[in-house]
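Visitor: This is the structure, below, for whatever I ask next.
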Amino acid sequence: MNRFQSVRGFNDILPPDTALWQHLHAVAARTFAAYGYGEIRLPLLEHTALFARSIGEVTDIVEKEMFTFQDREGDSLTLRPEGTASTVRAGLEHGLLHNQQQRLWYAGPMFRHERPQAGRYRQFHQLGAEAYGMAGPDIDVEIIALSARLMRNLGIGGLKLELNSLGSAAARAAYRAALVAFLERHAASLDADSQRRLHTNPLRVLDSKSPQTQAILRDAPTLLDALDAESRAHFEALQQGLSDLGIAYTLNPRLVRGLDYYGRTVFEWTTDRLGAQGTVCAGGRYDGLVEQLGGSPTPAVGWASGVERLLLLMKAQGIAAPDSAVHAYVCTLGEAAQRAAVRLAEQLRDRFPALRLIVNAGGGKLAAQLKRADRSGARLALILGDDEVAAGGVQVKSLRAGTAGPTESPSGQQETLPWTELPRRLAGLLDA
RNA sequence: GUGGACGUAGCUCAGUUGGUUAGAGUCCCAGAUUGUGAUUCUGGUUGUCGGGGGUUCGAGUCCCCUCGUCCACCCCA
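Those letters in the first sequence? Residues 278 to 709, per our numbering, in order.
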């Protein structure tokens, strides 16, 4: 068998699938453009300290999931586990965040050393949007509306939007203290993971899946009750804005994020069709991060979406890429015809930039060539033999092009055209 | 990182309580078909049975280790 295999969790993406990937990226680029977001392209490698400082030293991502190594100079580098930290770093490095507003998006691979599962890989891909320099709830509404429109443009339905507010840093700290005090009274009854989190990341106890822990949490103080007045007003305006746009949401006071930089608004698009990987897009406000990374205080909101999960949903819902099948396949018989066919094909590609054309290579019998032509998905076979070349003509044969039922006529229409007629015939094919 | 299920041809899978040269369908190749892709028919190619070790006269089958996929936990998008 294979002597080599790919690194665990690092997957190849092959032709039938790549068409859907391209479709998704095309739709995303169009959707971002509709809101005036500009694309930022970021490196895959950053200094490790960037992630430790932004995501949080004691988060699971930083503690045990990063691909970190030393380069030849002894610097500690990390394959980026997410895109927000790099976006802020680049924004600061190039002055993008200096007294101005920015709307940015990115797409690309991220890396986390987790145990792979369907919808969860060690190299995975995210689409993300970030908005800087705008403090009001209106930009929260915009960026959520953008995510909603992206899902709609992709044709993905059945998603649920969950919403919560983590409040200001001060309110969150006060709530955290109250929550810890409450949980400590019930520490003995908590599940093991929650007991561990109690002192490392107590807010994450809130979305424990243990039924017993959830039962205890029923009587716990809630984040929403602990909200400071300003955050409450912000949150209410956000909800009003979403309602104005007809975007349905549900409040989930247990919704928290695993990255430390979030505050106030947090949200998640979820599905129940992806098993344990139900989060398809998630984000929130992170007003403190720019300052934490050395900039001046700058309000910010953003989200990231898992491309593989979007694609799984699209496949489950029968969404396909627009037809990218080859239009025509050129069969040749004889040496003169082979050379003529290559020249003819180049002329046709000059004339029709959108034409997708394969010229048979390696010769072979006509029957075998036609079989390949049919299998390529081409709708037309152009048959060129030495006789046709001498006469300045070409045989044009319609193919079934696709999975036809057994009752469908086996042989398509066939006609012989002079070369000068070919462009008109192909133009008709491209219009269809 | 923890627990569990599963790995047999390119693909989908059978393979009995351990028993000779490991099978089917599909795909691919050739022929029937005179220079024409469906179907049909005939013939053919394809395997380190994931890998390594062990038990046994004998292992695809039993045991151990390992790699991989999937599921749940965990984590998160």
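In this text, a Cβ means the ideal position worked out from N, Cα and C, and glycines have one as well.
Determine the direct distance from the alpha carbon of L659 to that of A681, and round the result to whole angstroms.
Guide: Unreliable placement is indicated for A681, whose pLDDT of 37 sits below 50; no coordinate value is reported for it.
Visitor: Taking the CB atoms as reference points, tell me whether I317 and L536 lie closer together than 9 Å.
Guide: Going by C-beta atoms, I317 is not nearer than 9 Å to L536.
Visitor: Which class does P393 belong to by DSSP, given the choice of helix, strand or coil?
Guide: Here P393 sits in coil by DSSP.
Visitor: Given this structure, state the Cα-to-Cα distance separating A760 from L494, to the nearest angstrom.
Guide: Nothing can be reported for residue 760, as the shown portion of the chain is limited to 278 through 709.
Visitor: Among the residues of its own chain, which have a CB less than 8 Å from the CB of I332, if the five just before and after it don't count?
Guide: So the qualifying residues of the chain are I338, V339, P358, E359, A362, L536, D537, Y538.
Visitor: Going by CA-CA distance only, name the one from G432, A425, G572 that's closest to R366.
Guide: The residue with the shortest Cα to Cα distance from R366 is G572.
Visitor: So for N430, helix, strand or coil by DSSP?
Guide: Here N430 sits in helix by DSSP.
Visitor: Would you mind listing the beta strand (DSSP E) stretches within the stretch 312-356 that are 3+ residues and don't spill past its ends, in chain order?
Guide: Whole beta strand (DSSP E) segments, 3+ residues: 322-324, 344-347, 353-356.
Visitor: So what's M278 in DSSP terms, helix, strand or just coil?
Guide: For M278, the predicted model reports a pLDDT of 42, less than 50, meaning its position is unreliable; a value from the coordinates is still stated below. The answer is coil: DSSP assigns M278 none of H, G, I, E or B.
Visitor: If you compare alpha carbons, which of L501, W580, R380 is closest to Y409?
Guide: When each option's Cα is compared against that of Y409, the closest is R380.
Visitor: For F388, which residues from the same chain have a beta carbon less than 7 Å from its beta carbon, with the 5 sequence-adjacent residues on both sides left out?
Guide: Correct list, in chain order: F344, L356, R357, P358, R399, Q400.
Visitor: Which residue or residues does DSSP assign as beta-bridge partners of S442?
Guide: The partner list for S442 (beta bridge, DSSP) reads T542.
Visitor: Just the C-alpha distance for L369 and T547, rounded to the nearest angstrom, thanks.
Guide: Between L369 and T547, the C-alpha separation is close to 32 Å.
Visitor: In this structure, how does DSSP classify G705 when only helix, strand and coil are distinguished?
Guide: It is helical.
Visitor: From the DSSP output, in three-state form, read off Q378 for me.
Guide: Of the three classes helix, strand and coil, the one that applies to Q378 here is coil, per DSSP.
Visitor: In terms of residues, what are the limits of the beta strand (DSSP E) holding E692?
Guide: From DSSP, the beta strand (DSSP E) with E692 extends over 691-695.
Visitor: Using the Cα positions of L431 and A406, report the straight-line distance between them to the nearest angstrom.
Guide: About 16 Å.
Visitor: So A655 and A605 are in contact, right, with Cβ under 8 Å, and what is the actual spacing, rounded?
Guide: The pair is a contact, with the Cβ atoms about 5 Å apart (cut-off 8 Å).
Visitor: Under the rule that 16 or more other beta-carbon atoms within 10 Å means buried, what is T490, buried or exposed?
Guide: Counting Cβ neighbours within 10 Å, T490 comes out buried, since at least 16 surround it.
Visitor: Between the alpha carbons of Y563 and G351, how many angstroms are there, rounded?
Guide: Approximately 32 Å, taken between the alpha carbons.
Visitor: In the structure shown, what three-state DSSP assignment does E359 receive?
Guide: Of the three classes helix, strand and coil, the one that applies to E359 here is coil, per DSSP.
Visitor: Is M387 helix, strand or coil by DSSP?
Guide: M387 falls in the strand class under three-state DSSP.
Visitor: Taking the straight line between their C-alpha atoms, what separation do you get for I433 and Q615?
Guide: Spanning the two alpha carbons is a distance of roughly 46 Å.
Visitor: Taking a contact to mean a Cβ-Cβ separation below 9 Å, would you say G566 touches V557 in this structure?
Guide: Checking the sequence shown, residue 566 turns out to be Leu, not Gly. In this structure, V557 does not lie closer than 9 Å to L566 by Cβ.
Visitor: Measure the C-alpha to C-alpha separation of V607 and L706 and round it to an integer number of angstroms.
Guide: When rounded, the distance between both Cα atoms is 15 Å.
Visitor: Do three or more CB pairs link the stretch 633-644 to the stretch 578-598 at distances below 8 Å?
Guide: No, the stretch 633-644 is not in contact with the stretch 578-598.
Visitor: Indicate whether L661 and L703 have their beta-carbon atoms separated by less than 9 Å.
Guide: Taking 9 Å as the Cβ cut-off, L661 and L703 do not qualify as a contacting pair.
Visitor: Do T542 and L443 have their beta-carbon atoms positioned less than 9 Å apart in this structure?
Guide: For L443 and T542, yes; Cβs fall inside 9 Å.
Visitor: What would DSSP say about I660, mapped onto helix, strand or coil?
Guide: Three-state DSSP puts I660 in a strand.
Visitor: On the three-state DSSP scale, how would you describe V457?
Guide: V457: helix per DSSP, three-state reduction.
Visitor: Please check the pair Q378 and M411, which I expect to be a contact at CB under 8 Å, by giving their CB distance rounded to whole angstroms.
Guide: That pair is a contact at about 6 Å.
Visitor: Tell me whether G552 sits in a helix, a strand or coil according to DSSP, three-state version.
Guide: Reduced to three states, the DSSP call for G552 is coil.
Visitor: Please determine if the stretch 443-459 and the stretch 495-504 are in contact, where contact requires at least 3 C-beta pairs separated by less than 8 Å.
Guide: Taking 8 Å as the limit for Cβ pairs, the verdict is that the stretch 495-504 does touch the stretch 443-459.
Visitor: Leaving aside the five residues before and after E568 along the sequence, list all residues of the same chain whose C-beta is less than 8 Å from its C-beta, in chain order.
Guide: Around E568: P574, T575.
Visitor: Please check the pair A503 and A448, which I expect to be a contact at CB under 8 Å, by giving their CB distance rounded to whole angstroms.
Guide: With 8 Å as the limit, A503 and A448 qualify as a contact, their Cβ atoms being about 6 Å apart.
Visitor: Can you give me the C-alpha to C-alpha distance between G372 and A510, rounded to a whole angstrom?
Guide: Cα-Cα distance, rounded: 31 Å.
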